[in-house]
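Everything in the sequence shown is counted per our numbering, starting at 3 for the first residue and increasing by one. The C-beta atom is built at its ideal place from N, Cα and C for all residues, glycine as well.
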Amino acid sequence: MNMRPHPKQSPELNITPLIDVVFLLLIFFMVSTTFDKDAQIRVELPQASTNDEQTEQDKTLDVTVDKNGRYYVNQKEVINTKAGTLRRAIENATGSSRNIPVIITADAQTTHQSVVKVMDVASQMGFLNMTFAARQPLEEE
3 MNMRPHPKQS PELNITPLID VVFLLLIFFM VSTTFDKDAQ IRVELPQAST NDEQTEQDKT
63 LDVTVDKNGR YYVNQKEVIN TKAGTLRRAI ENATGSSRNI PVIITADAQT THQSVVKVMD
123 VASQMGFLNM TFAARQPLEE E
């Protein structure tokens, strides 16, 4: 039997697994973070009309959706409600310009899908500045 005392070893702390976990967390947060998706669609409330707005009215694209889901591009009715037809009507109205604002005017009774279709088609075509037309409610006395 060996009764000699064993030499004491200094305790070691292996930090390699800790470093691996920290790097995995760092990679997870880098991959799951989005930076520019939040600012892609802008919703602005209309402001009081001024002379400047009237002069810029020719430089906007007005898409109207009535309560039955029919589309009107710059007050001209679109033949049907398909996305391709709406796309061609917008192309005819704007040409190659994609930096003009799109004003979406939807009836309060229209379906959400009809409005989303307009936003989707305009977004796919490269329009980034979209606003919604709304009116302020009448004050009740």
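Beta-carbon contacts of residue i that lie in its chain and below 6 Å, excluding the five residues immediately before and after
| i | result |
| --- | --- |
| Val-1 | A query on residue 1 cannot be resolved here, the shown segment of the chain reaching from 3 to 143 and no further. |
| Ile-81 | Thr-87 |
| Thr-52 | The predicted position of Thr-52 is uncertain, since its pLDDT is 49 and thus under 50; a value taken from the coordinates is nonetheless stated next. Cβ within range, chain order: n/a, list empty. |
| Leu-47 | Bear in mind that the predicted position of Leu-47 carries a pLDDT of just 40, short of 50, making it unreliable; the figure below should be weighed with that in mind. There are no such residues. |
Whether residue i touches residue j by CB criterion (9 Å)
| i | j | result |
| --- | --- | --- |
| Gln-111 | Lys-84 | no |
| Leu-63 | Tyr-73 | no |
| Phe-134 | Arg-100 | no |
| Ala-124 | Val-104 | yes |
| Ser-116 | Ala-108 | yes |
| Ile-156 | Asn-131 | Any answer about residue 156 is impossible in this case: the structure gives the chain only from 3 up to 143. |
Residue(s) in a DSSP beta bridge with residue i
| i | result |
| --- | --- |
| Phe-129 | Answer by DSSP bridge pairing: none, since Phe-129 is not bridged. |
| Phe-31 | BP columns for Phe-31 are empty, so no partner. |
| Phe-134 | Ile-106 |
Contacts around residue i, its chain only, beta-carbon distance under 8 Å, and the 5 residues preceding and following it disregarded
| i | result |
| --- | --- |
| Arg-17 | A small fix is needed here, since residue 17 is Ile in this sequence, not Arg. Excluding sequence neighbours, Ile-17 sits near nothing in its chain. |
| Thr-35 | none |
Self-check item: Given 8 Å, three or more beta-carbon pairs between the segment 84-94 and the segment 25-33
Solution: no
Exercise. Quick one: which unbroken beta strand (DSSP E) runs of 3-plus residues sit fully inside the segment 58-127? Chain order, please.
Key: 63-67, 73-75 and 104-108
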